[in-house]
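Residue numbers (our numbering), protein chains in the order written: chain U, 34 to 148; chain E, 76 to 185.
Using N, Cα and C, we set each Cβ at its ideal position, and we do this for glycine too.
Small disclaimer: the values here were computed from a predicted structure and weren't measured.
The structure appears below as structure tokens.
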């Protein structure tokens, strides 16, 4: 089944403890992206990747890192999480890395709480 | 930021009625997409309309795009309780970033 898989679904952690949220897609998609969703703010893009070894900042990259060593994986790393990073996170992928975007396929989300 | 805005923020209708929600955006686009999100779950793509198209249909969905007004509308006809969800518009920009609106929360009352 074609899908985007995020893990974990729920994560509670403490300030400053490094964490990684994994994202994997099995559709051979070129484009992958991370979003955070907060009430009243909609979805905001954190980082995106047009293809392997190519990553770029989105709207809200501060406090996050990503890597794209393989086409299928796009992990989100919080080196030193803070409470303002408590949010619902989504990974998404798309077939096309060009400007004429094909639809995004989303994972089921990771709800992160930083205390 | 090019983030779009949906209007209204919330909409409540009776089953069988039509639901219309609007999206406005700020700069030129290649295409505009509509997505649906059930509570706390990932977004699901509904329909894509390219900048050179004015109207598109998919089942009970009808999307219009007016690039001169930088706006789009999504019409859901003959709504069902299962249509209850949040609906988001999304646009891309020449910098390859994707921007989502803040969403319309639709409640369809059986």
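CB contact below 8 Å: residue i versus chain U
| i | result |
| --- | --- |
| residue 120 of chain E | yes |
| residue 116 of chain E | yes |
| residue 123 of chain E | yes |
| residue 89 of chain E | no |
Short CB-CB distance (under 8 Å) between residue i and chain E
| i | result |
| --- | --- |
| residue 141 of chain U | yes |
| residue 78 of chain U | yes |
| residue 108 of chain U | no |
| residue 91 of chain U | yes |
| residue 150 of chain U | The shown model of chain U, from 34 to 148, leaves out residue 150 of chain U, and the question about it has no answer. |
Own chain, CB closer than 7 Å to residue i, minus 5 neighbours either side, in chain order
| i | result |
| --- | --- |
| residue 136 of chain U | 127 |
| residue 105 of chain U | 57, 58, 59 |
| residue 116 of chain E | none |
| residue 146 of chain E | 97, 98, 99 |
| residue 132 of chain E | none |
| residue 106 of chain E | 123, 124, 125, 126, 167 |
| residue 140 of chain E | 107, 124, 128, 129, 147 |
Residue i, enclosing beta strand (DSSP E) - first and last residue
| i | result |
| --- | --- |
| residue 144 of chain U | 143-147 |
| residue 40 of chain U | 37-40 |
| residue 47 of chain U | Residue 47 of chain U -> no beta strand (DSSP E), and no H or E assigned at all. |
| residue 137 of chain U | Segment: none, residue 137 of chain U is in no beta strand (DSSP E) and carries neither H nor E. |
| residue 53 of chain U | 52-58 |
| residue 177 of chain E | Counting along the chain, residue 177 of chain E falls outside any beta strand (DSSP E), and DSSP gives it neither H nor E. |
Cutoff 6 Å; reference residue i; Cβ partners in own chain excluding five residues on either side
| i | result |
| --- | --- |
| residue 144 of chain U | 43, 121 |
| residue 35 of chain U | 60 |
| residue 113 of chain E | 160 |
| residue 45 of chain U | 146 |
| residue 137 of chain E | 150 |
8 Å Cβ shell around residue i - same chain, five flanking residues per side excluded
| i | result |
| --- | --- |
| residue 156 of chain E | 90, 183, 184, 185 |
| residue 88 of chain U | 80, 81, 82, 99, 100, 101 |
| residue 138 of chain U | 35, 36, 37, 58, 60, 62, 125, 126, 127 |
| residue 76 of chain U | 68, 69, 70, 123 |
When you check each C-beta in the region 56-80 of chain U against every C-beta of chain E, which residues fall closer than 9 Å? Going along the region 56-80 of chain U in chain order, one finds 64, 66, 68, 70, 73, 74, 75, 76, 77, 78 with a Cβ nearer than 9 Å to chain E.
For a minimum of 3 consecutive residues, which ranges assigned as the beta strand (DSSP E) are wholly contained in the region 107-162 of chain E? Taken in chain order, the complete beta strand (DSSP E) segments of 3 residues or longer contained in the region 107-162 of chain E are 119-125, 130-133, 136-141, 146-151.
Just list the beta strand (DSSP E) runs in the region 67-128 of chain U, keeping only unbroken ones of 3 residues or longer that don't cross its boundaries, in chain order. For the region 67-128 of chain U, whole beta strand (DSSP E) runs of length 3 or above, ordered along the chain, are 75-84, 87-90, 109-111, 120-127.
At a CB distance below 7 Å, what residues from the region 142-155 of chain E approach chain U? Give them in sequence order. The region 142-155 of chain E vs chain U, Cβ under 7 Å: nothing.
Can you list, in chain order, the stretches of the beta strand (DSSP E) that have 3 or more residues and sit fully within the region 77-107 of chain E? Taken in chain order, the whole beta strand (DSSP E) runs of length 3 or more contained in the region 77-107 of chain E are 80-82, 85-89, 94-99.
Listed in chain order, which residues of the region 168-184 of chain E have Cβ atoms closer than 8 Å to some Cβ of chain U? Contact residues of the region 168-184 of chain E toward chain U are 169, 171, 172, 173, 174, 175, 176, 177, 178 (C-beta to C-beta distance below 8 Å).
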